[in-house]
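In terms of my numbering, the sequence shown opens at residue 1198 and continues consecutively.
Accompanying notes for the structure given below.
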Amino acid sequence: EAHLAGIPSPRNSSWESEAFLAENAYPDWTEATTISYEIGNPVWNPPVVNVPEARDVVGDIIVSAISGEDIEPLIPSAIQRLVSIEARD
């Protein structure tokens, strides 16, 4: 039901169900999502113990990019922060 209401499901069976396919308003999104399940990395979190801290580092870069900032100069610092987080773990 949630999948039919627009909340994506992590299960292939939801994307392939007759009920969903009959109402699928975004076939390109469906195709891209199901392909990502085939080729994507099943590990959703960064490979560190302190996942929230690592997500914040990545999130800062994403927010800067969305805000239109030049992120190129920010990347070396972000990489160093991620390396430091990984080294602590």
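Note that beta-carbon positions come from the ideal geometry of N, C-alpha and C, so glycine has one too.
Buried or exposed: which applies to residue i, given that a residue is buried once 16 or more other Cβ atoms fall within 10 Å of its Cβ?
{"i": "TRP1226", "result": "exposed"}
{"i": "TRP1241", "result": "exposed"}
{"i": "ALA1199", "result": "exposed"}
{"i": "ALA1251", "result": "buried"}
Going straight from the alpha carbon of residue i to that of residue j, what length do you get?
{"i": "GLU1269", "j": "ALA1219", "result": "44 Å"}
{"i": "TYR1234", "j": "GLN1277", "result": "30 Å"}
{"i": "ALA1275", "j": "PRO1205", "result": "30 Å"}
{"i": "ILE1172", "j": "ASP1267", "result": "Residue 1172 cannot be examined here, being either before or after the span of the chain that is shown, 1198 to 1286."}
{"i": "ALA1287", "j": "PRO1249", "result": "What the structure shows of the chain is the stretch from 1198 to 1286, and residue 1287 is not part of that stretch, so it cannot be assessed."}
Chain C beta carbons: is any one of them nearer than 8 Å to that of residue i?
{"i": "ILE1232", "result": "Absent from the structure: chain C. Only one protein chain is present."}
Complete alpha helix (DSSP H) runs within the region 1214 to 1251 (minimum length 4 residues, chain order): As far as the region 1214 to 1251 is concerned, its whole alpha helix (DSSP H) runs of at least 4 residues are 1215 to 1220 and 1224 to 1236.
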